[in-house]
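Participant: If you scroll down you'll find the structure; I have some questions about it.
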Amino acid sequence: EPEVTQTPSHQVTQMGQEVILRCVPISNHLYFYWYRQILGQKVEFLVSFYNNEISEKSEIFDDQFSVERPDGSNFTLKIRSTKLEDSAMYFCASSRTRLSEQYFGPGTRLTVT
Amino acid sequence: AQRVTQPEKLLSVFKGAPVELKCNYSYSGSPELFWYVQYSRQRLQLLLRHISRESIKGFTADLNKGETSFHLKKPFAQEEDSAMYYCALIAGGSEKLVFGKGTKLTVNP
């Protein structure tokens, strides 16, 4: 069964550095999402992406964040200048249509020191 | 704003006992409701959604609009049901899932 994959599984970075988190959505899916979960807190929506455009974003998704689909398979989340409070588990998800089931990746644990 | 509340952080039952995981939501319209499950060291996966009215792995959930609840139930818990359970909603033409904090279910032998 096809799965969403994410790399790396764990990323450690210093405050102020840029990080790129990578995701490969399921191949026939058209809608892509990023969520994050700070330790002990809820899973929070960051952004959704369709047809090479952001379709919805949360207030968390400020100018420090950007998303890109650089080729036909990858979907990336870039954090331009990381802060301590960006430390979290970041989940990528994809769905075939707009309101169909969202399939989640295993997550990337980002630790900002 | 939409909100999902799962009042129990931890829930522990014995194998064969009934289990109910509570979920309440706040939204003025008609949301779409989901239960996601995360087994140990595995990814989040959809357990069930209210529009499908299915029973998955023996679990059911009924949407009660009057009480704004979507509790998850299983009549006889199994040890393999031990996992983290998240209630979530999509509402108002949005695509985003709004999650509760989750309930960790432990089924003891």
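One line per chain: the protein sequences are V and E, in this order.
Everything in the first sequence is counted per this note's numbering, starting at 6 for the first residue and increasing by one.
Everything in the second sequence is counted per this note's numbering, starting at 35 for the first residue and increasing by one.
Cβ atoms here follow ideal geometry from the backbone N, Cα and C, with glycine treated the same way.
Keep in mind the model is a prediction, meaning the values are calculated, not measured.
Kindly confirm or deny that the stretch 48 to 67 of chain E and the stretch 84 to 96 of chain V touch, where touching means at least three C-beta pairs closer than 8 Å.
Facilitator: With the cut-off at 8 Å, the stretch 48 to 67 of chain E and the stretch 84 to 96 of chain V do not touch.
Participant: Taking just the CA atoms, how far does Met-118 (chain E) sit from Phe-110 (chain E)?
Facilitator: C-alpha separation (whole angstroms): 18 Å.
Participant: If I follow the unbroken beta strand (DSSP E) through Ser-60 (chain V), where does it start and stop?
Facilitator: Run containing Ser-60 (chain V): 58 to 62, per the beta strand (DSSP E) assignment.
Participant: My guess is that Glu-101 (chain E) and Tyr-36 (chain V) are in contact by the Cβ rule of under 8 Å, so how many angstroms apart are they, rounded?
Facilitator: Glu-101 (chain E) to Tyr-36 (chain V), Cβ: 32 Å. No contact.
Participant: In angstroms, rounded to a whole number, what distance separates the CA positions of Arg-54 (chain V) and Gly-50 (chain E)?
Facilitator: Reading off the sequence, residue 54 (chain V) comes out as Phe, not Arg. Computed Cα separation, rounded: 43 Å.
Participant: Taking Cβ-Cβ distances shorter than 9 Å, what residues in chain V pair up with Tyr-120 (chain E)?
Facilitator: Under the 9 Å cutoff, chain V gives Lys-47, Val-48.
Participant: Tell me which residue opens and which closes the beta strand (DSSP E) that Tyr-38 (chain V) is part of.
Facilitator: Where Tyr-38 (chain V) is concerned, the enclosing beta strand (DSSP E) stretches over 36 to 42.
Participant: Should Tyr-36 (chain V) be flagged as near chain E, meaning a C-beta pair shorter than 8 Å?
Facilitator: It does: the Cβ of Tyr-36 (chain V) has a partner Cβ on chain E nearer than 8 Å.
Participant: Does the structure place the stretch 87 to 106 of chain E close enough to the stretch 71 to 88 of chain V that three or more beta carbon pairs sit under 8 Å?
Facilitator: Contact fails: fewer than three Cβ-Cβ distances are below 8 Å.
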